[in-house]
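Just so you know, we're using our numbering here: the sequence shown kicks off at 700 and counts up by one.
To keep things clear, I will list the structure first and then write my remarks on it.
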Amino acid sequence: MPELPEVQTTVNGINERLVGLSIKDAWTDYGSRFHINKDNIKDPAYFAYFRKSVAGAKIRSASRRGKNVLIHLSNGKTIIIHMKMTGHIMYGAYEKKKSAGGKEEWIATEPGPLRDDPFNKFLHFVLCFSNGKSMTLSDMRKFAKVTLADTDRIEESLHLSKHGPEPLERSFGVKELKKAVFRKPNGPVKTVLMNHEVVSGIGNIYSDEILWRAGVHPLERVNDVPLKKWPIIWKAMKETLKKGIDFGGDSMSDYRNIEGERGRFQEKHNAYRKTGSRCAKPGCKGTIVRIKLGGRSAHFCDAHQKLSK
């Protein structure tokens, strides 16, 4: 699932390429009777409302809240996109065609990653612009969510109202981190960091990398983390998330940027999916091991990430 750095990379791309563009139309094949009365475009009636609401509006700007992409329009509406497990947003030249079976599908028309990367071909949502280009959402597993909200009440939206603080905000210091995580004092620190109601935007990849850098065991209960470790965790969080953005996000799986290109953070992993590798921390002789934690995997060094008790 795209995490904070991947979502921020996408937002940066939208701000660079899409601001000022006028929306001509919208298209989706997400529609399903299983989503009737849901407030997102998978409900055909909601999509009809969505399509009418965005037509003619211009892209003002984009921002991020947790793992959500927020696209702010000139008509006072904001498109909220959560890319979920396999979604990513792209922009370029596309055309709509009919498949051999008569199904509508969108195809990138120019050579390059938009057209040639197989992960970029699962297009289920399209915004068409007056310049002839389109913003597309590739989503192999079709879990992504697209909805609409009033811009001036966006934080009150059902989709965002329960999100915790943003870890890269200047106002988010060690004190704010401790206040957030101690809402779940008995939870494993990795699980708590991944809870979007505690801290926004951190998932499986970056929690592993943050805790590796901080030297904290993922199973350590929040209450049992030594007090001297919290400034170290805070610093590791800031540095790791910024590094993820600097390297264009993590493309170990499906994620691609707005140009359809892979990020490079997967080349910088120290813990995530490094099972059996020697620890990369200077002077450490440990090995990266993998355990199960709440239905997910946790990766850590068996030498410098010891449980404190």
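All residues carry an ideal CB built from backbone N, CA and C; glycine is no exception.
Could you check where the alpha helix (DSSP H) with residue 880 kicks off and where it finishes?
873–880
What residues match up with residue 887 in a beta bridge as DSSP calls it?
920
Compute the Euclidean distance between the alpha carbons of residue 904 and residue 971, then round it to the nearest angstrom.
6 Å
In chain order, what residues of the same chain lie with their CB nearer than 8 Å to the CB of residue 876, ignoring the 5 residues before and after it?
866, 898, 929, 932, 933, 936
Mind checking whether residue 822 and residue 805 have CB atoms under 7 Å apart?
yes
For residue 734, which of helix, strand or coil comes out of DSSP?
helix
Beta-carbon proximity of residue 909 to residue 939, cut-off 7 Å:
yes
My understanding is that residue 845 touches residue 778, with C-beta atoms under 8 Å, so please give their C-beta distance in whole angstroms.
7 Å
In angstroms with no decimal places, state the Cα-to-Cα distance between residue 992 and residue 704.
23 Å
Considering just the uninterrupted stretch of the beta strand (DSSP E) at residue 762, what are its terminal residues?
758–764
Considering only the alpha carbon of each residue, which of 734, 748, 713, 841 lies closest to residue 700?
841
With residue 727 as the anchor, note down where its beta strand (DSSP E) starts and where it stops.
722–727
Taking the alpha-carbon positions, what's the residue 954 to residue 802 distance?
26 Å
Within its chain, find whatever has a CB closer than 6 Å to the CB of residue 771; leave out the 5 residues flanking it on each side and keep chain order.
759, 760, 777, 850
Less than 7 Å between C-beta atoms, sequence neighbours within five positions excluded: which residues of the same chain meet that for residue 798?
804
Residue 968 and residue 1037 - do their beta-carbons sit closer together than 7 Å?
The first residue shown for the chain is 700 and the last is 1008, placing residue 1037 beyond what the model contains.
With respect to the alpha helix (DSSP H) encompassing residue 746, which residues constitute its N-terminal and C-terminal limits?
743–753
In its own chain, which residues sit with a C-beta less than 6 Å from the C-beta of residue 713, not counting the 5 before and 5 after it?
761
How far does the alpha helix (DSSP H) with residue 709 in it extend, from its first residue to its last?
703–716
Can you grab the Cα-Cα spacing for the pair residue 753 / residue 775, in whole Å?
10 Å
What three-state label does DSSP hand residue 971 in the structure shown?
coil
Can you tell me which of the three DSSP states residue 799 falls into?
coil
Taking the alpha carbon of residue 888 as the reference point, which residue from 793, 974, 963, 923 has its own alpha carbon closest?
923
From the DSSP output, which residues share a beta bridge with residue 776?
849
For residue 913, collect the residues of the same chain with a Cβ closer than 7 Å to its Cβ; drop the 5 residues on either side in sequence, then sort them by chain order.
928, 931, 932, 935
Given this structure, state the Cα-to-Cα distance separating residue 978 from residue 720, to the nearest angstrom.
47 Å
So if DSSP puts residue 807 in a beta bridge, which residue, or which two residues, is it bridged to?
793
Specify the secondary structure class of residue 936 as computed by DSSP and reduced to three states.
helix
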